[in-house]
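Undergrad:
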Amino acid sequence: MQPCQVCQSPGPHGFHFGVISCRACAAFFRRAAFSKWNSLKCKNFQYHRDSHHNTKNAIMISGKSEIPKSFQSFVGRPEMILFWDSEKSTIHKTYIDVNFLIEEATEIFRQPMEMVHLAENRLKRLAVGMNSVRGKNQKYQLMTTISRKEISSMWQFYFITVAKWLMHFTEFEQLDMEVKLTILQTIWHVWQNLDHRSLMAFHQKNNPNFPKHHTISRTGVLLDKANVHFDATWLSDYPSREVGGFLRVPGNDNITEKLKSLDPTDIELTFMLAQLSFEYAGKRCQGKILETVEHFQNLLADDMHQYYTKELRIDNYFDRLAKLMKINNSIQKKIWEARPRMELAKVFNLIKLDFSHPEMFIDSGYN
């Protein structure tokens, strides 16, 4: 526990370049030793202690090994943002105009509420509506490249699908148009998140040999995640591989596996979709929207209770419902965890998208 012999700072230090010294002084000496202006050579370099050292990759100059120099280490930036210029203002952004989606959703909301037969409560009407608007299972086409076309198609499918689904809910149909559109623009991609996972769980359960590294979508796309090219040229000026890796939230939450294990009924899945969507909308929008969606959740919770106790004749359903809600909480957690990454992407101009309705893409992974 000797003080640094260079700056005399107290505390535990290591043996660097022949003396007891702190890490700061050691780092200063290393930079000075590598400087082209320094004619003195230190005889106490311990190359094997350097985190970047690799004996196989050491460069031999005049019979002496030198540590390979990393440009990204030198400038202090990761590879994908080595040449980022914070003062650069001539970024050519890709403009995403979704006015046609807003107009189409408005027309859907102007139509009379969907009349669903044989559905005596709200939750059952939404369940029938869910199966109606999602469409039937279809054949899937293997895609080797995902581009703007496929991503835009997915946005369009889910935005319109959720708009149609909401119109099976009487209390939603009675809202003002502005409130309807605000709720739709807020929840469509959250609804998509759970729906896609439920699709994967259903498909894997019915196709036990389906490869784990494959994924499918409601739009009929089949992807081999290990062998697919993500074309991000429309999304960013940085390499597609790095952009895809950056936007992908790390960690394996096993949500699909949990859905396979629980195998929720259509009524349960509908309740999960509604609870996840309305809970998210309330937290994000607050105010009048919060009051509205809390009312929606209370109504659907009553229907869920009736479903368990009257139809399934399960009085003690808390355990199962808690497991279903735990899946929803996991999805919300991943949404919150992704926010700092998107903020970082904005700081370094990693994403070059400009939306006509940016609020529609908050937390979607693209804004």
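Note that the sequence shown ends on residue 367 in full-length UniProt numbering; no numbers are left out.
All residues carry an ideal CB built from backbone N, CA and C; glycine is no exception.
Residues bridged to Y95 by DSSP?
TA: Position 95 of the sequence shown, counted from the first residue, corresponds to residue 95. Answer by DSSP bridge pairing, in chain order: D354.
Undergrad: Go through its chain and collect everything with a Cβ distance to H229's Cβ below 8 Å, but skip five positions before and after it.
TA: To locate residue 229, count along the sequence shown from 1; it is residue 229. Only T144, T145, I146, S240 meet the Cβ criterion.
Undergrad: If you draw a straight line from the alpha carbon of D263 to that of L353, how long is it in whole angstroms?
TA: Reading the sequence shown from its first residue, position 263 is the one you call residue 263. Reading the sequence shown from its first residue, position 353 is the one you call residue 353. If you take the alpha carbons of D263 and L353, they lie about 38 Å apart.
Undergrad: Please state the DSSP three-state secondary structure of T270.
TA: For the purposes of this step, residue 270 is taken as the residue at position 270 of the sequence shown. DSSP places T270 in helix when its eight states are reduced to three.
Undergrad: Are the beta-carbon atoms of F159 and M360 separated by less than 9 Å?
TA: What you label residue 159 is simply residue 159 of the sequence shown in a count that begins at 1. What you label residue 360 is simply residue 360 of the sequence shown in a count that begins at 1. Yes; because the gap between Cβ atoms is below 9 Å, this pair is in contact.
Undergrad: Figure out for me which residue from V133, W234, F29 has the closest Cα to the Cα of H92.
TA: Mapped onto the sequence shown, residue 92 falls at position 92. For H92, the nearest C-alpha among the options comes from W234.
Undergrad: Which two residues bound the contiguous alpha helix (DSSP H) that contains T186?
TA: Taking the sequence shown and counting its residues from 1, one reaches residue 186 at position 186. Note, T186: alpha helix (DSSP H), 177-206.
Undergrad: Per DSSP, Q141 forms a beta bridge with which residues?
TA: As a position in the sequence shown, residue 141 is number 141, starting the count at 1. Bridge pairing for Q141: V221 [DSSP].
Undergrad: Which partner residues does G14 have in the DSSP bridge list?
TA: To locate residue 14, count along the sequence shown from 1; it is residue 14. S21.
Undergrad: Could you tell me whether the region 192-202 touches the region 267-285, using the rule of 3 or more Cβ pairs below 8 Å?
TA: yes
Undergrad: Bridge partners of I216, per DSSP?
TA: For this step, residue 216 is matched to residue 216 along the sequence shown. Paired residues: L222.
Undergrad: Between the Cα of E268 and the Cα atoms of F246, P340, T292, Q306, which residue gives the shortest distance?
TA: Within the sequence shown, the letter at position 268 stands for residue 268. With distances taken between Cα atoms, E268 lies closest to Q306.
Undergrad: For F230, which residues does DSSP report across the bridge?
TA: As a first step, residue 230 must be located in the sequence shown, where it is residue number 230. Bridge pairing for F230: I146 [DSSP].
Undergrad: What is the DSSP secondary structure of S65, counted as helix, strand or coil?
TA: Residue mapping note: residue 65 aligns to position 65 of the sequence shown, counting from 1. With a pLDDT of only 47 at S65, under 50, the local geometry of the prediction cannot be trusted, and the value read off the model is given with reservation. Looking at S65 - three-state DSSP - the assignment turns out to be strand.
Undergrad: Check whether the region 103-111 and the region 169-183 are in contact - that is, three or more C-beta pairs closer than 8 Å.
TA: Touching, yes, given that three or more Cβ pairs across the two stretches are closer than 8 Å.
Undergrad: With distances taken from CA atoms, which of P358, E337, G365, S364 is nearest V98?
TA: Looking up residue 98 in the sequence shown gives position 98. The option with the nearest alpha carbon to V98 is P358.
Undergrad: For L321, which of helix, strand or coil comes out of DSSP?
TA: Your numbering for residue 321 matches position 321 in the sequence shown. Helix.
Undergrad: Could you round the C-beta distance between I96 and F355 to whole angstroms and report it? I think they count as a contact, below 8 Å.
TA: Stepping through the sequence shown from its first residue, residue 96 is reached at position 96. Stepping through the sequence shown from its first residue, residue 355 is reached at position 355. At roughly 5 Å, the Cβ-Cβ gap stays under 8 Å, so I96 and F355 are in contact.
Undergrad: How should D303 be labelled, buried or exposed, when 16 other C-beta atoms within 10 angstroms of its C-beta is the threshold for buried?
TA: What you label residue 303 is simply residue 303 of the sequence shown in a count that begins at 1. Classification for D303: buried.
Undergrad: With a threshold of 8 Å, are at least 3 pairs of Cβ atoms found where one atom belongs to the region 199-216 and the other to the region 318-330?
TA: no
Undergrad: Run through DSSP, which three-state label would I327 get?
TA: Taking the sequence shown and counting its residues from 1, one reaches residue 327 at position 327. DSSP, reduced to helix, strand and coil, places I327 within a helical segment of the structure shown.
Undergrad: By how many angstroms is the C-alpha of N227 removed from the C-alpha of R110?
TA: Along the sequence shown, one-based indexing puts residue 110 at 110. Along the sequence shown, one-based indexing puts residue 227 at 227. Those two C-alpha atoms are separated by around 44 Å.
Undergrad: Please classify T186 as buried or exposed, where buried requires at least 16 neighbouring CB atoms within 10 angstroms.
TA: As a first step, residue 186 must be located in the sequence shown, where it is residue number 186. T186 should be labelled buried.
Undergrad: Taking residue 378 and Q8 to be in contact with their CB atoms under 8 Å, please state how far apart those CB atoms are, rounded to whole angstroms.
TA: The requested residue 378 does not occur in the structure, where the chain is confined to residues 1 to 367.
Undergrad: Mind checking which residues open and close the alpha helix (DSSP H) that includes R125?
TA: Position 125 of the sequence shown, counted from the start, is the residue given in the question as residue 125. Start and end: 122-134.
Undergrad: Among residues of its own chain, excluding the 5 on either side of D266, which ones have a beta-carbon nearer than 6 Å to its beta-carbon?
TA: Indexing the sequence shown from 1 puts residue 266 at position 266. If we look at D266 and ignore the five residues flanking it on each side, its Cβ neighbours are A127.
Undergrad: When you compare the CB positions of R148 and D231, do they come within less than 9 Å of one another, or not?
TA: By 1-based counting over the sequence shown, the position of residue 148 is 148. By 1-based counting over the sequence shown, the position of residue 231 is 231. If you check the CB distance, R148 and D231 come in under 9 Å.
Undergrad: Figure out for me which residue from T219, Q141, L312 has the closest Cα to the Cα of S153.
TA: Translated into positions along the sequence shown, residue 153 becomes position 153. For the options T219, Q141, L312, the alpha carbon positioned closest to that of S153 is the one of T219.
Undergrad: Alpha carbon to alpha carbon, how far is N207 from R23?
TA: Here residue 207 is taken as the residue at index 207 of the sequence shown, counted from 1. Here residue 23 is taken as the residue at index 23 of the sequence shown, counted from 1. Roughly 56 Å between the two C-alpha positions.
Undergrad: May I have the straight-line CA-CA distance separating F100 from E337, to the nearest angstrom?
TA: Working through the sequence shown from its first residue, we reach residue 100 at position 100. Working through the sequence shown from its first residue, we reach residue 337 at position 337. So the two alpha carbons sit approximately 31 Å from each other.
Undergrad: Measuring straight from C-alpha to C-alpha, what distance separates A322 and K258?
TA: Your numbering for residue 322 matches position 322 in the sequence shown. Your numbering for residue 258 matches position 258 in the sequence shown. Just so you know, the alpha carbons of A322 and K258 end up roughly 12 Å apart.
Undergrad: Assuming contact is defined by CB atoms lying nearer than 9 Å, are D363 and I331 in contact in what I supplied?
TA: Your numbering for residue 363 matches position 363 in the sequence shown. Your numbering for residue 331 matches position 331 in the sequence shown. Cβ atoms of D363 and I331: not closer than 9 Å.
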